[in-house]
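Everything below concerns the one structure shown next.
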Amino acid sequence: MLISNPCLGIQAQLWSELIPSAADFEYMVFPRLLAVAERVWHKAGWEQHQTGGPDTETQLNADWSHFSNVLGHRELRRLDSKHIKYRIPPPGARFTLSSYAALYQQTGKQILAA
């Protein structure tokens, strides 16, 4: 049998030897596991055209924006309602001599200044 797409699936590893509890496991895999599931189940329009042009980048950014909104406004709330602890990467910052900017790509969460 000939297979037109050599990629038959996806996997995400977590080395669990040093994870002492189920809560620690959940903290390590969420929301990353939701992103892996999205890549498996969702066939984006930009994946069909591997030209890398500006249209592909626009579609890629729109797809990321949609995923980020769903994650931030729906899926993280669902995890909260089930008392599942998850890890959100801390925001970064870019500093120059005259300015600074917060770097954060998660929709539905707010950066609080001290």
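Residue numbering for the sequence shown follows my numbering, starting at -10 and increasing by one per position.
Note that the Cβ used here is the ideal one computed from N, Cα and C, for glycine as well.
Beyond the five residues adjoining it in sequence on each side, TYR89 comes within less than 8 Å, by CB distance, of ALA82, ARG83 in the same chain, given in chain order. When DSSP states are grouped into helix, strand and coil, ARG83 belongs to the strand group. Straight-line spacing of the CA atoms in ILE77 and HIS31 works out to 22 Å. The beta carbon of VAL18 lies closer than 7 Å to those of LEU3 in the same chain, with the five residues before and after it left out.
Between VAL29 and GLY61, the CB-CB gap reaches or exceeds 9 Å.
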